[in-house]
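First up is the structure itself, then whatever we jot down about it.
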Amino acid sequence: MPKMKIDGIEIEVPAGITVLQACEMAGVEIPRFCYHERLSIAGNCRMCLVEQEKAPKPIASCAMPVADGMVIKTDTPVVRKARKGVMEFLLINHPLDCPICDQGGECDLQDQAMAFGFDRSRYHENKRAVPDKEFGPLVKTSMTRCIHCTRCIRFATEVAGVEELGATGRGEAMEVTTYVQHALTTELSGNLVDLCPVGALTSKPYAYEARSWELRKTESIDVLDALGSNIRVDARGGVVMRVLPRLNDDVNEEWIGDKTRHAVDGLRYQRLDQPYVRKGGKLVPASWDEAFAAIVGKVKGLDGKKIAAIVGDQCDAESMVALKDLMAALGSPNVDCRQDGAKLEAGVRGSYIFNPGIHGIDQADAVLLVGTNPRWESPVLNARLRKRYLSGRCAFASIGPTVDLTYPVERLGAGPATLRELSEGKLAFFEKLKAAKNPLIIVGMGALTRDDGAAVLALVRDLAEKVNAVREDWNGFAVLHTAAARVGGLDLGLVPGEGGRDVAGILAGAQGKEIEVVYLLGADEIDVQQLGKAFVIYQGHHGDRGAHRADVILPGAAYTEKPGTYVNMEGRVQLGRRAVYPPGEAREDWTILRALSERLGQPLPYDSLDQVRSRLVAVNKTFAALDQQAAGGWGPFGKAGATNDAAFASPVTNYYMTCPISRASRTMAECMASRQQLLAAE
Amino acid sequence: MAMITADPKDVPQVASFSFTPEYMEKVKAEIAQYPPGRQASAVIGVLDLAQRQHGWLPRVAMDEVAKLLDMAPIRVYEIATFYTMFQLKPKGKYLLQVCTTTPCWLRGSDGVMKACREAADDVTFTVQEVECLGGCVNAPVVQINDDFYEDLDEASTRKLLDAFRRGETPKPGPQIDRQASAPVGGPTTLKGE
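Note that the protein sequences, when read in sequence, are chains A and B. Count along the first sequence from 1, then add 116; that gives the number in the numbering used here. Count along the second sequence from 1, then add 25; that gives the number in the numbering used here.
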């Protein structure tokens with residue numbers, strides 16, 4: 117390990133890192149624009165110049181590898197002068213329009229000009245102007261502000277895997293462009309805005325909406341896909357203005373998908389802000405008291421077997437445990453959190469989580485995708501898979517839909533027949549999996565929500581054991597979920613009890629009149645037409661499918677409006693926090709269930725959030741370990757049996773609209789239109 | 026403020042482009058110079074061939090090159106817009122690249138430029154002002170398509186262009202009595218035994 121001296125501090129650093137990284141390890145901050153730790157090194161902004169002893173001139177620290185005995189100085193007159201010079205050159209063509217620039221207040225160029233720059237310009241010629249580009253409905257461009265750091269080009273090429281951005285021309289005529297003027301075909305385009313160190317790329321939906329210093333920042337967890345991305349919710353007053361990613365190397369690194377970032381405008385539209393009761397076939401506004409009275413009138417005295425509950429995809433663990441306890445108190449075994457009918461069981465934890473963890477993808481050396489399109493089901497996870505592909509020596513194969521995942525994947529086949537052949541060792545890829553040190557088998561909802569899902573699950577389990585993917589030190593069996601609440605629901609055991617009905621059974625029962633009351637906790641992804649004549653209680657935050665069918669609507673809170681516990685697909689328990697209050701008379705979901713239980717004469721034994729959380733831990737002690745991930749237990753699961761020949765299809769057919777929030781979002785509608793236009797043009 | 030842009034505007038739409046069998050041979054030879062899997066290294070040569078075949082480089086030609094070399098189209102656009110010798114707009118039959126850098130200018134490139142500008146009609150002749158062509162010893166120099174015409178003045182340039190217009194191809198090199206860059210009027214040293 118090379119020993120070096122940075123500003124008089126002796127430090128030993130790992131070989132192969134750069135001087136800039138070594139400086140950071142020594143606690144010295146180096147200004148930079150083009151350097152980004154998750155992208156390749158460009159070395160073109162020259163802001164990171166430092167002085168190296170015995171070197172004739174300042175060196176670009178981001179591109180200089182460390183060597184033994186280096187002596188680096190970062191705060192000498194030479195360095196200060198160099199930085200001043202670089203800043204002056206960068207500002208030659210940069211417009212001084214900070215007061216009308218959306219980046220103002222959170223701009224690297226602005227901050228560094230203040231810290232390291234010269235206090236005036238000596239440039240008297242005309243500044244250059246560059247035509248703006250079309251990057252789609254999410255990224256607003258103002259290319260005159262561009263300082264050519266090429267971070268966006270490197271992100272699109274390396275992380276997002278869409279080689280569509282480039283720098284055309286040379287010298288003063290250099291421009292960052294797609295050249296053909298079309299929207300970027302990536303689900304990660306919002307991250308370009310975060311990466312841009314100046315105001316050249318800003319968020320289009322957020323344009324001129326707010327200033328960074330007006331916003332109240334709340335650290336929370338995303339629920340729009342099952343990855344559980346760490347996010348920061350920025351709100352002003354009672355309105356969520358934007359969502360930004362938070363750093364978590366084990367989950368989302370520092371990226372988030374476009375839906376996570378931009379569907380939040382859906383929180384402003386079609387909200388349920390007061391209770392409703394259906395009277396004479398029409399939903400009319402009611403008070404909480406009236407709504408509860410309507411429910412009590414229907415439910416009290418009813419046999420528990422005639423009551424059922426379906427849990428939605430974005431519920432917090434608190435409301436789920438309250439529902440579970442309430443249904444138990446009412447004597448109903450008919451509870452199900454698997455809205456899409458996934459054939460996952462609650463018993464063995466290893467059977468329903470992404471066992472190796474998201475960071476485990478980095479260690480995998482052979483990957484099999486079964487019935488999943490990760491690019492749409494979880495774009496950030498797909499970027500992680502691409503990262504694994506780029507680091508080399510990893511074979512990828514898929515059984516299921518043919519899609520462009522941004523990295524080459526050998527397609528073995530379409531359906532369970534191919535899976536069976538593979539697990540019997542008849543396909544060449546079997547040997548690759550077997551030879552791999554850490555084989556990873558990712559099974560998606562496209563394979564498990566089918567009628568033969570249990571048999572498919574058994575096949576995958578069988579394959580995992582045959583290729584030695586489940587060992588003491590590695591568990592390569594991974595379920596890729598699409599619903600943020602699913603793992604939490606299964607952890608809490610929200611599955612049919614003894615003699616209980618699952619979702620299909622509840623719907624059949626509702627039509628056959630064996631089920632008289634159905635409680636939908638944010639459940640919108642079922643066919644509500646099949647609820648027959650049942651009395652439907654809908655608790656949720658959006659006037660979506662479930663609410664339209666409901667007989668009583670109880671307005672709940674969306675994920676930004678309540679403190680909630682979520683378990684992501686890898687089984688990591690994370691806490692979401694309240695950024696704003698729910699609109700109107702809407703309330704936090706567990707409190708609604710608590711109040712209802714009181715009216716039904718079966719009061720739930722908790723009155724505060726702390727008590728509910730203790731109850732969570734009592735039901736499953738996993739909930740005590742926050743932000744930790746480990747492979748689940750292993751045991752028998754799935755049900756060996758016949759499979760049919762239908763091809764696996766991804767449950768996400770439209771990335772931009774998968775839940776009530778994204779369906780209400782206008783930005784998402786624009787993204788969809790833009791993508792369709794692009795497809796039509798091809 | 027001058028709007029600058031590399032994205033060509035007002036370029037005629039070209040519907041399709043493909044290499045003729047003759048040019049395809051040359052493209053294959055170009056690609057064969059590099060190890061398998063490194064075919065992208067041939068991009069500059071292949072773009073040049075496309076330009077020679079079509080006269081200039083429309084976007085369809087760049088797309089075709091990208092497809093042939095298995096590159097993302099944007100990577101080809103980057104290269105084609107970076108190098109000034111790639112013509113992204115239609116050109117006349119003869120491209121006159123007039124050097125106006127100091128040595129040529131001192132030896133009278135202004136007159137040469139004047140003659141060229143008057144001849145330029147974008148059908149037969151297109152004029153471009155370029156930096157040093159590296160033929161200073163024979164200044165002023167004009168590069169016409171692939172050849173250098175040297176030791177020009179206004180009158181000889183006119184004569185030269187008239188010859189091109191008539192369909193002739195004048196002899197490249199010095200347009201005065203001079204062998205390559207040897208002294209005017211014959212050798213001055215090492216004449217005897």
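C-beta: ideal position from N, C-alpha, C; glycine also.
Quick one: is residue i near chain B, going by C-beta distance under 8 Å?
{"i": "glutamate 279 of chain A", "result": "yes"}
{"i": "glycine 282 of chain A", "result": "yes"}
{"i": "leucine 794 of chain A", "result": "no"}
Out of the options, which has the shortest C-alpha to C-alpha gap to residue i?
{"i": "serine 177 of chain A", "options": "A/Phe651, A/Lys170, A/Asp184 and A/Thr190", "result": "A/Thr190"}
{"i": "proline 46 of chain B", "options": "B/Pro165, B/Gln78, B/Pro60 and B/Asp35", "result": "B/Gln78"}
{"i": "methionine 203 of chain A", "options": "A/Gly220, A/Asp224, A/Gln744 and A/Phe408", "result": "A/Asp224"}
{"i": "glutamate 677 of chain A", "options": "A/Ser336, A/Val135 and A/Gly285", "result": "A/Ser336"}
{"i": "phenylalanine 753 of chain A", "options": "A/Glu250, A/Gly569, A/Leu360 and A/Val427", "result": "A/Gly569"}
{"i": "glutamine 479 of chain A", "options": "A/Asp589, A/Pro612, A/Lys395 and A/Gly529", "result": "A/Asp589"}
{"i": "tyrosine 697 of chain A", "options": "A/Leu383, A/Thr783 and A/Phe651", "result": "A/Leu383"}
{"i": "glycine 159 of chain A", "options": "A/Leu647, A/Ser766 and A/Arg270", "result": "A/Arg270"}
{"i": "glutamate 526 of chain A", "options": "A/Asp365, A/Ala544, A/Ala552 and A/Ala323", "result": "A/Ala544"}
{"i": "valine 595 of chain A", "options": "A/Pro449, A/Ala780 and A/Met685", "result": "A/Met685"}
{"i": "alanine 785 of chain A", "options": "A/Tyr771, A/Leu795, A/Ala797 and A/Ala796", "result": "A/Tyr771"}
{"i": "leucine 691 of chain A", "options": "A/Leu712, A/Asp338 and A/Ala639", "result": "A/Asp338"}
{"i": "arginine 132 of chain B", "options": "B/Pro115, B/Ala40, B/Asp178 and B/Thr106", "result": "B/Asp178"}
{"i": "cysteine 129 of chain B", "options": "B/Asn170, B/Met87, B/Val166 and B/Phe189", "result": "B/Val166"}
{"i": "alanine 758 of chain A", "options": "A/Ala245, A/Asp607 and A/Ala571", "result": "A/Ala571"}
{"i": "lysine 116 of chain B", "options": "B/Gln64, B/Arg100, B/Val148 and B/Tyr102", "result": "B/Val148"}
{"i": "isoleucine 127 of chain A", "options": "A/Pro118, A/Val275 and A/Val367", "result": "A/Pro118"}
{"i": "proline 174 of chain A", "options": "A/Gly396, A/Pro193 and A/Ala183", "result": "A/Pro193"}
{"i": "glycine 463 of chain A", "options": "A/Val603, A/Lys249 and A/Ser258", "result": "A/Val603"}
{"i": "histidine 657 of chain A", "options": "A/Met180, A/Val359, A/Gln390 and A/Ala499", "result": "A/Gln390"}
{"i": "aspartate 456 of chain A", "options": "A/Ala563, A/Ala438 and A/Gln627", "result": "A/Ala563"}
{"i": "arginine 387 of chain A", "options": "A/Arg694, A/Gly662 and A/Thr738", "result": "A/Gly662"}
Give the C-beta separation of residue i and residue j to the nearest angstrom, bearing in mind that I take them to be a contact with Cβ-Cβ under 8 Å.
{"i": "aspartate 452 of chain A", "j": "isoleucine 622 of chain A", "result": "7 Å"}
{"i": "asparagine 307 of chain A", "j": "tryptophan 371 of chain A", "result": "5 Å"}
{"i": "glutamate 325 of chain A", "j": "methionine 357 of chain A", "result": "6 Å"}
{"i": "tyrosine 722 of chain A", "j": "arginine 731 of chain A", "result": "6 Å"}
{"i": "phenylalanine 42 of chain B", "j": "valine 52 of chain B", "result": "That belief does not hold up - the Cβ atoms of phenylalanine 42 of chain B and valine 52 of chain B are roughly 13 Å apart, past 8 Å."}
{"i": "histidine 378 of chain A", "j": "leucine 794 of chain A", "result": "The pair is not a contact, with the Cβ atoms about 17 Å apart (cut-off 8 Å)."}
{"i": "glutamate 406 of chain A", "j": "valine 728 of chain A", "result": "Incorrect: roughly 26 Å between the Cβ atoms, too far for contact."}
{"i": "aspartate 705 of chain A", "j": "glutamine 655 of chain A", "result": "7 Å"}
Should residue i be flagged as near chain A, meaning a C-beta pair shorter than 8 Å?
{"i": "alanine 27 of chain B", "result": "Note that alanine 27 of chain B scores a pLDDT of 43, beneath 50, so its modelled location is shaky and nothing firm can be said."}
Using a Cβ-Cβ cut-off of 8 Å, state whether residue i counts as contacting chain D.
{"i": "arginine 261 of chain A", "result": "You won't find chain D in this structure, because its protein chains are A and B."}
* Asked: What residues from the segment 284 to 312 of chain A come within 9 Å of chain B, judged by C-beta to C-beta, listed N to C?
  -> Thr284, Gly285, Arg286, Glu288, Ala289, Met290, Glu291, Thr293, Thr294, Tyr295, Val296 and Gln297
* Inside the segment 119 to 190 of chain B only - beta strand (DSSP E) runs reaching at least 3 residues -> 119 to 124, 150 to 155, 167 to 169 and 172 to 175
* Asked: Any residues in the segment 96 to 113 of chain B with a beta carbon nearer than 7 Å to a beta carbon of chain A? Which ones, in chain order?
  -> Ala97, Ile99, Arg100, Tyr102, Glu103, Thr106 and Phe107
* To do: For the segment 478 to 552 of chain A, list the beta strand (DSSP E) runs that are entirely contained and at least 3 residues long, ordered along the chain.
  => 482 to 486, 511 to 515 and 526 to 529
* Within the segment 173 to 249 of chain A, note down every full alpha helix (DSSP H) run reaching 4 residues or more, in order along the chain. => 193 to 208 and 224 to 232
* Kindly provide the ranges of any beta strand (DSSP E) runs that are 3 or more residues long and lie completely inside the segment 357 to 400 of chain A, ordered along the chain. => 392 to 395
* Asked: Could you give the uninterrupted runs of the beta strand (DSSP E) lying entirely in the segment 246 to 286 of chain A, keeping only those of 3 residues or more?
  -> 255 to 257 and 282 to 284
* Mind listing, in chain order, the continuous alpha helix (DSSP H) runs of no fewer than 4 residues lying wholly within the segment 590 to 625 of chain A? => 602 to 607
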